[in-house]
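Colleague: The structure is given below, and queries will be raised subsequently.
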Amino acid sequence: MIRFIKYRWLFVILSSVIILFGLISALSKGFVLSVDFLGGGLVEFSTTRATSVDNIHTYINTKYSGYLFQKTSKGFVVKSKDLKAANAKKLTEDLVKKYTLKQERFELVGPSVGAENIKAILVASALAILGILVYLTINFKNWSFAVAAIIALFHDMVVLLLSWSIFGFLFRAELDILFITSLLTTMSFSVHDTIIILDKIREEQKQQRTHTLEETIDLALNLTMVRSLNNSLTVVIMLSTLIILGGESVRWFAVALLVGTLVGTYSSPFIATPIYYLLERKRV
Amino acid sequence: MKNNLLFWVSILSGIFLWIAIPATSFPLPGTSRKVVLKTENPSFNILGLKISIPNQLRFGLDLQGGSHLVFELDTKKTPSSDVVRAVDAARDNIEKRINLFGVSEASVVVLKNNNVYRVAVDIPGKKNPQEAIDLIGKVAQLEFGEYAVQKVQQGTQSADIPYFTKTKLTGNFLKKTQLVFDQQTGKPQISLLFNSEGTKLFAELTKKNLNKPLGIILDGQVITAPVVQQEIKTGEAVITGTFTIEEGNKIVNALNAGSLPVPVKLVEQRTVEATLGKSNIQKSILAGALGLLFVSVFMVVLYGKEGLVALVSLAIYTIFSVALYKLFGIVLTLSGIAGFILSIGMAVDANILIYERIKEEKLVQKSQQKAIVVGYFSALSAIKAANINTLLVCFVLFNPFNFAFLPLFGMVRGFALTLAIGVLLSLFTGVFITKNILWKLYKISSL
């Protein structure tokens, strides 16, 4: 039997280090925000093999300074706060005349639209978290379980959010509405996974096969570890195929979901459970 | 009894499988005849009722291509008691205009946020969004003006400046507008037909302004001012002017759609090319199918015989999901796919939980049957709690009561809906079907 509770500080340190790295990245480099949040416009072009994307890049840099340029597998993306409909039309007409390419996508977002959407999602998340708290307290008849699950949930969302600053810095991964959806997915998954373990702890407490709280929790963790790993592996398999085969528009979304799944799996035994242990020890 | 249950599940799965597959036909081996397994638009006649089965999976604009447009309605000048009516009228009007544009499957929805009203228009397919935007943004207010003259004195010189005063008669009283061609010149003209109230107003107007020009004003511009020859009681009129057939058609469309009660402004636009969308769909479906295959292999490797049971329930789960998406016309978006993947994880999780518990019980219990029964039922409480919790999250995110302070847009809702369907289905397949198969497999008769 692995004595997880004995090594609880190890997990606290591990999580702290990850969050610290994320914080440093978020504070110094920030996030690569999409037009959803920036407001403004985005135009995506696909090019044929013969066209040199680098040439277009230099051209755009000289003629349209201030426009962000981003290479994609099939072409490139131009985005800017000033890329309103008229400007986008001008840019497209200009580029199509000079190079052989095709406009694939156009997005225009008013500055207030993004902010309002985010506000609505935040309110919904807060309500959902409150609902989870109430439901778990009723279900487990003990608020320590609920508090532990919610803290693990916050841990997961913070880690995923901060990791996106690092992904943005390294790979220019964007923080967009799809990423927000992946945060919501992580929220559901994290609590789902935590409940399974907490339920096992409750069951072992009822059966009284062990003597101390620490032993009970360790037994429950050991018994659910295989299930946790196997279950996460199925989600990881699904997401990995999506990352490899799913195409550009889904790729970063799938990566965010993958990070969320991994951290959600990790936090159930290693964050939620030690917190439950600390809360219960104080209470008893 | 148990026998019967599995029998009915198999029948239901067969029906759902048939709904889930695309239209299929294949040649009968050895003959030239074709076996049609499913037609393009399958329908049945049951007791005189024609029931047609939807055969298309509906994909969101991010997957299939198309344009998502959001217009903000300027209701500042509208009296507050009239706002709701004006917004509804504007929505209907925008829908009419979009339909005139030749898109029938467009969706037009009002989004309310505090006191800001927006109308979201989703146009699937290849249509040029700019034309739609121009058409929607057009005010198209038709007015009829009476001729008047203003004397302007400038020093010793005086001049008569003609102008038109607005009358009660507007495009709102139109019953029908049509593009016709002049019998003699072949030039396009716009024929107007007023409704009964408009006919009355028009008769009064023409009687009053006999032998004077009558201004026909579109969007504030006088397009033509014919001299009234006689009182017109039939409510018919013709606008002649110098416009091309195409321009004439645009005016006719705009007039038929009526005028927008409030000014609109485009605040958001997302356009995805249909070709990009198509490759998105193909790649996502391939990835989803392969992912399911890998998960199946993984389950069989891990749990052997029981893994096969999980595989059966996973297969039923997938078939039911696709069939339900078709039956309810659920629009699949990228975020919906996330919900689906997560729910597959949860469906498999139910199986894994049960099997791990059974393994655990096998060490304690004397008989295999007893281990399966005890393991199965001890796993239920965790499965129940975890899934109720997920449904709770789905409920808040889906926002079924349309609360203004919660998300009202497709991205989050699509995710919540597919996840909720997935969770409910996974309870059915991962828990109920798995139990029945296990009970049969290990000859457990009762508890």
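So the protein sequences, as listed, match chains A and B. Each residue of the first sequence is one higher than the one before, starting from 1 at the first, in the working numbering. Each residue of the second sequence is one higher than the one before, starting from 285 at the first, in the working numbering. All C-beta atoms in this analysis are idealised placements derived from N, C-alpha and C, irrespective of residue type, glycine included.
Please state if the CB of V191/A and the CB of N671/B are separated by a distance shorter than 8 Å.
Modeller: Taking 8 Å as the Cβ cut-off, N671/B and V191/A do not qualify as a contacting pair.
Colleague: Quick one: which residues of the stretch 328–359 of chain B get their C-beta closer than 8 Å to a C-beta of chain A? List them in chain order.
Modeller: Taking 8 Å as the Cβ-Cβ cut-off against chain A, the residues of the stretch 328–359 of chain B that qualify are D346, V354 and E356.
Colleague: Is the stretch 159–169 of chain A close to the stretch 213–230 of chain A, with three or more CB pairs under 8 Å?
Modeller: Because the criterion of three Cβ pairs below 8 Å is not met, the stretch 159–169 of chain A and the stretch 213–230 of chain A do not touch.
Colleague: Tell me which same chain residues have a C-beta within less than 6 Å of the C-beta of I333/A, skipping the five on either side of it?
Modeller: With chain A running from 1 to 284 in the structure shown, residue 333/A is simply not present.
Colleague: Alpha carbon to alpha carbon, how far is R317/B from P311/B? Give it in angstroms, no decimals.
Modeller: Rounded to the nearest angstrom, the two C-alpha atoms are 6 Å apart.
Colleague: CA-CA distance, A404/B and E248/A?
Modeller: Rounded to whole angstroms, A404/B to E248/A spans 26 Å at the Cα level.
Colleague: Are the CB atoms of G706/B and F582/B nearer to each other than 8 Å?
Modeller: Cβ distance not < 8 Å, so G706/B and F582/B don't count as in contact.
Colleague: Less than 8 Å separating the beta-carbons of T72/A and L574/B?
Modeller: No, these two residues do not count as a Cβ contact at 8 Å.
Colleague: Can you tell me whether W723/B is buried or exposed? The criterion is at least 16 other CB atoms within 10 Å of its CB, across all chains shown.
Modeller: By the neighbour-count rule (16 or more Cβ atoms within 10 Å), W723/B is buried.
Colleague: If you reduce the DSSP assignment to three classes, tell me which class N329/B lands in.
Modeller: Strand, per DSSP.
Colleague: Looking at the secondary structure, which residues open and close the beta strand (DSSP E) in which A272/A lies?
Modeller: Run containing A272/A: none; DSSP gives neither H nor E here.
Colleague: Could you give the distance in angstroms between the alpha-carbon of G409/B and the alpha-carbon of T555/B?
Modeller: Near 10 Å, if we compare the C-alpha coordinates of T555/B and G409/B.
Colleague: So what's N397/B in DSSP terms, helix, strand or just coil?
Modeller: Looking at N397/B - three-state DSSP - the assignment turns out to be strand.
Colleague: Starting from P413/B, follow the beta strand (DSSP E) in both directions and report where the run begins and ends.
Modeller: Counting along the chain, P413/B falls outside any beta strand (DSSP E), though it belongs to the alpha helix (DSSP H) covering P413 to G421.
Colleague: Taking Cβ positions, are Y587/B and Y639/B nearer each other than 8 Å?
Modeller: Against a cut-off of 8 Å, the Cβ pair of Y639/B and Y587/B comes out as a contact.
Colleague: So, is H155/A buried or exposed, given that buried needs 16 or more other C-beta atoms within 10 angstroms?
Modeller: Answer is buried; the Cβ neighbour count reaches 16.
Colleague: Say whether chain A places a C-beta atom closer than 8 Å to the C-beta of K286/B.
Modeller: Any reading at K286/B must be qualified, since the residue scores a pLDDT of 49, below 50, and its modelled position is unreliable; no value is offered.
Colleague: Here's the rule I'm using: 16 or more other beta-carbon atoms within 10 Å means buried, otherwise exposed. How should I299/B be labelled?
Modeller: When all chains shown are included, I299/B counts as exposed.
Colleague: Just checking my contact of V392/B with Q462/B at CB under 8 Å: how many whole Å lie between their CB atoms?
Modeller: Between Q462/B and V392/B the Cβ distance is about 25 Å, and since that is not below 8 Å, they are no contact.
Colleague: Is L347/B closer than 8 Å to G519/B when the C-beta atoms are compared?
Modeller: Going by C-beta atoms, G519/B is not nearer than 8 Å to L347/B.
Colleague: In its own chain, which residues sit with a C-beta less than 7 Å from the C-beta of N533/B, not counting the 5 before and 5 after it?
Modeller: Same-chain partners within the cutoff: L463.
Colleague: Which residues in the same chain have their Cβ closer than 7 Å to the Cβ of L321/B, if we skip the five residues on either side of it in sequence?
Modeller: Within the same chain, L321/B has close Cβ partners T308 and S309.
Colleague: Any beta carbon of chain A sitting closer than 8 Å to that of Q737/B?
Modeller: Nothing about residue 737/B can be read from this structure; chain B reaches only from 285 to 731.
Colleague: Does the distance from the C-beta atom of L289/B to that of N720/B stay below 8 Å?
Modeller: Cβ distance < 8 Å, so L289/B and N720/B count as in contact.
Colleague: Locate the alpha helix (DSSP H) running through I667/B, then write down its first and last residues.
Modeller: Residues Q652 to F682.
Colleague: Given 8 Å as the limit, is there contact between the stretch 627–641 of chain B and the stretch 354–364 of chain B, that is, 3 or more CB pairs closer than that?
Modeller: Not touching, per the Cβ criterion.
Colleague: Taking L245/A as the reference, give the member of K452/B, G350/B and A571/B with the closest Cα.
Modeller: Nearest C-alpha to L245/A: A571/B.
Colleague: Identify the contact partners of D54/A in chain B, using a Cβ-Cβ distance below 9 Å as the criterion.
Modeller: In chain order: nothing, as chain B lies at least about 22 Å away.
Colleague: How is D176/A classed by DSSP in three states: helix, strand or coil?
Modeller: Coil.
Colleague: Check whether chain B comes within 8 Å of V109/A, counting only Cβ atoms and requiring the distance to be less than that.
Modeller: V109/A counts as touching chain B.
Colleague: Compare the C-beta of L637/B against all C-beta atoms of chain A and say whether one is closer than 8 Å.
Modeller: Yes, its Cβ sits closer than 8 Å to a Cβ of chain A.
Colleague: D193/A and G264/A - do their beta-carbons sit closer together than 8 Å?
Modeller: Cβ distance < 8 Å, so G264/A and D193/A count as in contact.
Colleague: Tell me which residues share the same chain as I603/B and place their Cβ nearer than 8 Å to its Cβ, disregarding the 5 neighbours each side in the sequence.
Modeller: Cβ neighbours of I603/B beyond the five flanking positions: S297, F300, L301 and A304.
Colleague: Round the Cβ separation of K200/A and A666/B to the nearest angstrom and send it over; I've been treating them as touching at under 8 Å.
Modeller: That belief holds up - the Cβ atoms of K200/A and A666/B are roughly 7 Å apart, short of 8 Å.
Colleague: Since I656/B meets chain A, which of its residues come closer than 9 Å, beta carbon to beta carbon?
Modeller: Going along chain A, no residue has its Cβ under 9 Å from I656/B, so there is no contact; the nearest lies around 16 Å.
Colleague: Measure the CB-CB distance between I271/A and I5/A and report whether it falls below 8 Å.
Modeller: No, these two residues do not count as a Cβ contact at 8 Å.
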